[in-house]
Amino acid sequence: MAFLNEEELEGKIRELSGEILKVRNEIEAKEKEREGLRNELNKVREELNAIINQLNSKRTELKSIKDEIARLRKNRDDVVNTLKQLKERRTELLNRIKELIDRVRKYRELAKMINDLVGGKPVDREKLKELIDKLEFEHEISPTDPEKEWEFFRTIQQLEKELSAAEVLSRIKEYIGRDSQEIEKMRKERMELGQQMRDLYNNALTNIKARIQELKKKRESIVNEIVQLKGKRDSLKARRDELKKTILSKSAEIKELRARLRELNDELNKYQLLLAAARKSKNLAVKKQEEAKIKEEAKKRAEEGLQKLMRGERVSLNDLLGLEFEEDNEK
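Take 0 as the starting number for the sequence shown in numbering that gives the first Met the number 0 and just add one per residue.
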């Protein structure tokens with residue numbers, strides 16, 4: 000480095016001090032900006048955590064609603080299956096009732112035909128049996144001729160025919176009574192099943208469907224809220240990442256400025272040392288010049304005093320001491 004005089008050194012120091020002050024101001028400004036960014040980052044993180052908590056809460060609520068809808072759908076399907084089974088049972092009963100009604104109709108038609116065969120008059124089976132037994136007894140104990148024998152056989156045949164018809168009619172009435180009771184029982188069961196189906200539909204199924212629709216609307220509302228919260232979350236994440244990137248950039252700039260500040264301080268210290276050395280060197284030179292001048296003047300006075308003394312002139316002690324001062328300085 001070329002030698003610099005004191006004035007140049009002072010100028011360089013002033014220049015470096017100004018540059019240092021400028022860099023310090025830049026560091027302070029950037030640290031202030033970074034601190035502001037950090038405060039904003041903390042706020043964004045707090046908002047982001049709050050949004051994430053809301054999202055988790057909404058997801059939990061949504062899962063609960065989905066589980067409830069699934070449970071209600073299972074109940075609905077169970078009710079529908081029950082209604083289907085009840086309907087099938089009612090259809091089965093209806094078909095059976097139709098069969099029985101048709102059979103009763105046929106029994107009645109058969110009974111009408113038998114009544115027509117016996118002349119349409121009511122027949123008492125017990126009386127017919129007694130009458131047949133009586134005629135057979137009388138036939139056995141009474142003498143008969145061929146004409147009476149024939150008459151007896153025709154009468155017995157007719158009575159047995161009527162007895163047989165009466166027995167058939169009795170069985171038919173039993174069948175009709177039995178089937179009619181079964182028909183009435185089945186009709187009652189169908190009515191009860193119909194009422195049960197109406198109750199299931201109006202009370203259970205309708206309520207379940209209404210509740211499912213209500214929960215679907217709530218689910219849709221929560222899904223929309225989740226979509227909005229996700230949008231806010233993503234926006235906050237983007238802002239957070241942007242702030243972190245900016246803070247890192249500011250930190251890098253501050254690091255560079257601090258490195259520059261160290262360089263400037265090192266350079267300032269160097270020039271301050273140079274200035275101090277230059278001033279010390281200057282002071283030593285001035286001191287040496289002054290000492291040399293004093294020495295020269297003392298020597299001159301001493302020589303003048305010695306000349307005067309050699310001429311016999313009166314010489315003062317101070318003039319003579321000038322020589323001693325010179326000798327002391329030489330020592």
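We treat Cβ as the ideally placed atom computed from N, Cα and C, and that holds for glycine.
Cutoff 8 Å; reference residue i; Cβ partners in own chain excluding five residues on either side
i      : result
Gly10  : none
Lys331 : The structure shown does not extend to residue 331, since the chain spans only 0 to 330, so no value can be given for it.
Ser16  : Leu267
Leu8   : Tyr270, Leu273, Leu274 and Ala277
Arg218 : Leu61, Ile64, Lys65 and Ile68
Leu85  : Leu192, Gln195, Met196 and Leu199
Val22  : Leu256, Arg259, Leu260 and Leu263
Ile253 : Ile26, Lys29, Glu30 and Arg33
Thr81  : Leu199
Ile175 : Val103, Tyr106, Arg107 and Ala110
Glu224 : Lys57
Arg72  : Ile211
Lys292 : none
Own chain partners of residue i with C-beta closer than 7 Å, once the 5 adjacent residues on each side are dropped
i      : result
Leu36  : Leu242, Thr245, Ile246 and Lys249
Glu46  : Leu235
Arg88  : Leu192
Glu188 : Leu92
Closer than 7 Å: residue i CB and nearest the ligand MG heavy atom
i     : result
Arg33 : This structure does not include the ligand MG; it has no bound ligands of any sort.
Through-space distance from residue j to residue i, alpha-carbon basis
i      : j      : result
Asn264 : Leu20  : 11 Å
Ile51  : Gly230 : 11 Å
Arg70  : Val222 : 20 Å
Thr90  : Lys216 : 37 Å
Met196 : Val79  : 10 Å
Gln180 : Thr205 : 36 Å
Leu192 : Ile182 : 15 Å
Lys111 : Lys83  : 41 Å
Arg257 : Leu61  : 53 Å
Leu228 : Gln53  : 8 Å
Ala237 : Asn24  : 31 Å
Lys172 : Asn202 : 44 Å
Asp115 : Arg170 : 17 Å
Arg239 : Arg13  : 43 Å
Lys366 : Lys294 : The question about residue 366 has no answer, for the chain in this structure spans 0 to 330.
Gln288 : Lys299 : 16 Å
Leu92  : Asn55  : 55 Å
Glu303 : Ser280 : 34 Å
Met185 : Thr59  : 51 Å
Asn38  : Arg44  : 10 Å
Ala251 : Asn48  : 28 Å
Gln306 : Asn282 : 36 Å
Asp178 : Leu168 : 15 Å
Ser220 : Asp77  : 28 Å
Met190 : Asp101 : 20 Å
Glu310 : Glu296 : Correcting the residue identity first, residue 310 is Arg in this sequence and not Glu. Distance between the alpha carbons of Arg310 and Glu296: 21 Å.
Close Cβ partners of residue i (< 6 Å) along its chain, the five nearest in sequence each way excluded
i      : result
Glu5   : Ala277
Glu18  : Leu263
Arg232 : Ile50
Lys42  : none
Leu40  : Leu242
Any C-beta of chain B under 8 Å from that of residue i
i      : result
Leu214 : Protein chain content of the structure displayed is limited to a single chain, and chain B is not contained in it.
For this session: Assess, as a yes-or-no matter, whether the region 93-107 is touched by the region 201-221 under the definition of 3 or more beta carbon pairs within less than 8 Å.
Result: In short, these stretches do not touch, since the Cβ pair count stays below three.
For this session: Could you pull out every unbroken beta strand (DSSP E) segment of at least 3 residues lying fully inside the region 61-106, listed in chain order?
Result: Runs found: none.
Exercise. Taking only runs of the alpha helix (DSSP H) that begin and end inside the region 245-305, which ones reach a length of at least 4 residues, in chain order?
Worked result: Runs found: none.
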